[in-house]
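Read the structure below first, then the notes.
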Amino acid sequence: MNVNIQSLKFDADVKLLDFIRRKLNKLDTFYDRIIDGEVILKLNNEGVNNKTVEVKVNVPGEQLFASADARTFEAATEEVVKTLKRQIRQYKERLVTH
Numbered sequence: 199m200n201v202n203i204q205s206l207k208f209d210a211d212v213k214l215l216d217f218i219r220r221k222l223n224k225l226d227t228f229y230d231r232i233i234d235g236e237v238i239l240k241l242n243n244e245g246v247n248n249k250t251v252e253v254k255v256n257v258p259g260e261q262l263f264a265s266a267d268a269r270t271f272e273a274a275t276e277e278v279v280k281t282l283k284r285q286i287r288q289y290k291e292r293l294v295t296h
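The opening residue of the sequence shown carries number 199 in our numbering; numbering runs sequentially from there.
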């Protein structure tokens with residue numbers, strides 16, 4: 199899957215970018231027709247969970263979206279991937295029933 203990552207208000211290091219790509223590429227094991235993904239990393243000034251990860255994943259005929267806030271970008275990425283796995287399963291079930 200082609201993954202485009204943008205970091206707002208900071209420069210993400212290579213280690214973080216590789217971690218995010220590895221996690222998102224695991225989504226291909228759930229559905230091999232994923233077209234691409236777009237990731238936005240944000241720093242917030244409020245509270246303890248001040249790191250936000252937003253991910254849009256394009257599949258045929260639909261765009262899946264998930265967002266999470268956490269103390270670290272890695273934890274937020276884990277949460278987003280978990281949400282996207284659930285959304286992909288639901289998407290595949292809709293394909294089978296139609």
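Glycine included, every Cβ here is placed at the ideal spot set by N, Cα and C.
Cβ contact check for the segment 235-251 and the segment 262-271: 3 or more pairs under 8 Å: yes
Can you tell me whether F271 is buried or exposed? The criterion is at least 16 other CB atoms within 10 Å of its CB, across all chains shown. buried
Give the DSSP bridge partners of D234, in chain order. N200 and N256
L215 - partner residues in DSSP beta bridges: According to DSSP, which records beta bridges pairwise, L215 is partnered with nothing at all.
As assigned by DSSP and simplified to three states, the class of K283: helix
Just mark T275 as buried or exposed, buried being the case when its beta carbon has 16 or more other beta carbons within 10 Å. buried
Coil, strand or helix - F271 by DSSP: helix
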